[in-house]
Amino acid sequence: MNSGPVGVNLGKLQAALAHHQGGRLAEAEALYRQLLADNPDDADASHYLGLVAHQSGRFAAAVPLITKALALRPDYVEAHVNLANALKALGRTGEAVACLRRALALRPGFAEGHANLGVLLKDSGDIDGAIRCYEAAIGLKPDFVAAHFNLANVLRAENRHREAIASYRRALAIAPRFIDGHINLGSVFEAVEDLAAAKACYAAALALDEGAVSALCNLAGVELALGDTVAAFTHASKAVAQDPGFGEAHRLLGLAQRRRGEMTAAADNLRRALEINPKNALFHNSLGLIRKDQEEPGLAIVSFNAALALNPDFAEAHGNLGNVYRDQERLDEARHHYQKALQLKPGFADAHNNYGTLLKDQGRLDEALDHYQKAVALKPGFADAHNNLGHCQLLTGQFAAGWRNYRWRWQLDGVAAYQRHYGAPLWEGSDLAGKTLFVHPEQGFGDFIQFVRYLPLLSRFGGPVTLEIPPALAGLYGDQTGAQRIIHTGQPPGAFDFHIPLLDLPLVLGTDAASIPPPLCRPEAAPELHEKWRRRLTGYGANRVGLVWAGNPDHKNDKRRSLDPALLRPLRDVAGVQLFSLQAGQAEQAHAVFGERVIDLAPELSSFADTAAAMEQLDLVISADSAPAHLAGALGVPVWTLLSFMPDWRWMMERDDSPWYPSMQLFRQPRPGDWTAVIDQVCRALTDFENRRDG
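The numbering used here puts the first residue of the sequence shown at 387, with every later residue one more than the last.
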């Protein structure tokens, strides 16, 4: 066989390799072909020509060339490795694995070969084998960054988070400027919910490359989770500017805009993300969230179903679809999707929380408690689940645990903005001798009326108390609170050593159902108001019954606790009763329902003090769950409170009285939404009430 002059061929090979290493593949290929023309049995030329074919994307052409080199030189380790690469590119993974095993049999100390075999085994699903290969590569070459990184990636995919963190850190100790290492380490910290550490990793990546789009997006996602909407918006905007064609950047910008209340812009960004990648289930899911916020449940359902069509095992989309169906009272469908979400992802804290709420609303409180407890066990800082758990515990009389969990309300998005922040610490029950305590209100007027009863108990702690009262309630409370100083909201409280929100007092004072103090004795009203209403209501011989059918329309649960006044129409047929409307702002509705059977007092009620004085002249108040019910209860006026099937936590369950108000009787829906049965029961009770009075 003609091999050609050895010196000439060696020169050609060196020239070919120079072109090859310089990226001039066409020139290298021409020289390799000349070498093979001169000597068809040149294993190096055949191997390198196959390598050029591989690097040019001609994988099928590479295989016979490298195979020929191995036929000529079976112990050619590099050829075994490159044949494995070509076979892998063709999807012939099993043959590629065999090639690498032959290479390692020839050269057991070949660290790169072990690492490459690890990649193939991972791709073929042999995770344990891949881990062994990466560990072998690292054992041979401890500073092998790629092996540390790939090992960490496999461990991360297997949810072996602590080991993955250690491997990423070893890679970064060797190569601290390895941007992907910082980004992937951050993703593991996200998986273990160490968001501060994840944020630091993404920031480290951006310190190396401020335009790293993946780092910008991941950082924006963490900032959204941490509630830092401003920073999330900034980083997502930078990611979009850096790469307008990256759909995930548009998605995150849309979610940041959603947090800012910019729903139209948010939806536009999600639609742009879907234009870029219409088959991305996550994008459809995020658009569904925005459509739900826009009160477009039908479109939200379309988006969530689109996500599930692309990924039937998308637990979050099942959970979100369950939320929409729950809002629409489509409870069977909601239950199905919550259960599916939890089947797919048993550790899905949000689904446990939301399913717990569905169960609570159906009266299945033991099951609801179980799901809320699972949610907080899985996600200890989950404020909404703690708050829901607290409500459920209070409903079932578990006061000690319930008050503790109820304190999490301050971390809810809709409540945190109202939290007071002072230089003085929160009071936790310490002695107050020589110290001043500032007690401030929160939430609604009914809450203040219900919880102001705790003020007199503070005297035993030995220090003066400053009480802030909402101006609307200013005419009701004075010396009977025991507070040394009373201010109205908006006035400076003066110096104080401790402060506490009013609704935290039951927790600090250790209240249970048996130790609830009585309502604060008879809110004070000016004598002239009492005389005004005595004269106004004297002369009505029938039972004088006040009506309130609606609370604050902005209350998140108003649709369940307020009634359509038309439902009260049967009350007008009860003999011996004079009805008085105390309902503010609904004179026309009252007249339409009751006609001449009702006297509308609402236009004459200019304040809570006015209302209190009027109530004291009534024989009975019938009220929806709203501030007037609390006021009547605090006054000691008989009050019948109309409750939805699943009431607010304070009314507890399975009782028709209230430990909060001795004069109150509770009328509960027997099933969700059934106000008709409630009004029927009220009519019968009202007839009995009249008969007892006559008797």
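Glycine included, every Cβ here is placed at the ideal spot set by N, Cα and C.
Sequence-distant residues of its chain with Cβ nearer than 8 angstroms to P989 (five each side left out): A973
Among D1066, D654, H941, A561, the one whose alpha carbon lies nearest that of D1034: H941
Residues sharing a beta bridge with F824, DSSP: T852, H885
Same chain only: Cβ atoms within 7 angstroms of G390, ignoring 5 sequence neighbours per side: Only weak support is given to the placement of G390: the predicted model assigns it a pLDDT of 39, under 50, and the value that follows is read from those uncertain coordinates. Contacts found: D424, N425.
Any alpha helix (DSSP H) of 4 or more consecutive residues that is wholly inside the region 685-762: 701-713, 717-730, 735-747
C-alpha gap between S672 and V574, whole angstroms: 22 angstroms
Best match in L458, R459, A465, P460 for proximity to V438 [C-alpha to C-alpha]: A465
Nearest-angstrom beta carbon gap, N697 and A667 [assumed within contact, 8 angstroms]: 4 angstroms
Euclidean distance between Cα positions of R645 and T615: 7 angstroms
Other residues of its chain near L656: CB distance less than 8 angstroms, five sequence neighbours each side excluded: H636, R637, G640, F669, S672, L673, I676
Coarse secondary structure for S1009, derived from DSSP in three states: strand
Cβ neighbour criterion (16 or more within 10 Å) applied to P811: exposed
Buried versus exposed call for Y804 [16 or more other C-beta atoms within 10 Å across all chains shown]: exposed
H621 vs A606 beta-carbon contact at 9 angstroms: yes
Contacts around V392, its chain only, beta-carbon distance under 7 angstroms, and the 5 residues preceding and following it disregarded: Below a pLDDT of 50, predicted positions are generally treated as unreliable, and V392, at 44, falls in that range; no measurement from the model is reported.
Identity of the residues DSSP links to F966 by a beta bridge: G932, I985
Three-state secondary structure (DSSP) of V1064: helix
V540 versus E415 - alpha carbon distance: 37 angstroms
For P766 and G742, the rounded distance between their alpha carbons: 16 angstroms
Segment contact flag, the region 824-831 with the region 848-862, C-beta cutoff 8 angstroms, min 3 pairs: yes
For L1004, the three-state DSSP class (helix, strand or coil): coil
C-alpha gap between A561 and R478, whole angstroms: 33 angstroms
Beta bridge counterpart(s) of V1025 as assigned by DSSP: V1007, M1050
Alpha-carbon to alpha-carbon, F530 and L490: 17 angstroms
Contact the region 1004-1013 vs the region 1021-1034: 3+ CB pairs below 8 angstroms: yes
Among L417, D799, N739, the one whose alpha carbon lies nearest that of G613: D799
Same chain, Cβ closer than 8 angstroms to L476, neighbours up to 5 away in sequence not counted: F445, A446, V449
Cβ separation of I565 and L594, assumed to be a contact under 8 angstroms, to the nearest whole Å: 5 angstroms
Which of helix, strand or coil DSSP assigns to I872: strand
Counted within 10 angstroms of its Cβ, other Cβ atoms place N706 as buried (16 or more) or exposed: buried
Cβ distance (whole Å) where L507 is taken to contact A501 below 8 angstroms: Not really, about 11 angstroms apart at Cβ, beyond 8 angstroms.
Distance, D890 Cα to L906 Cα: 17 angstroms
Same chain, Cβ closer than 6 angstroms to L602, neighbours up to 5 away in sequence not counted: H621, K624, A625
Distance, Q441 Cα to L456 Cα: 19 angstroms
Cβ-based neighbour list, L923, same chain, cut-off 7 angstroms, excluding 5 preceding and 5 following: R930, Q1003
Anticipated Cβ contact below 8 angstroms, L399 with L421, distance rounded: 6 angstroms
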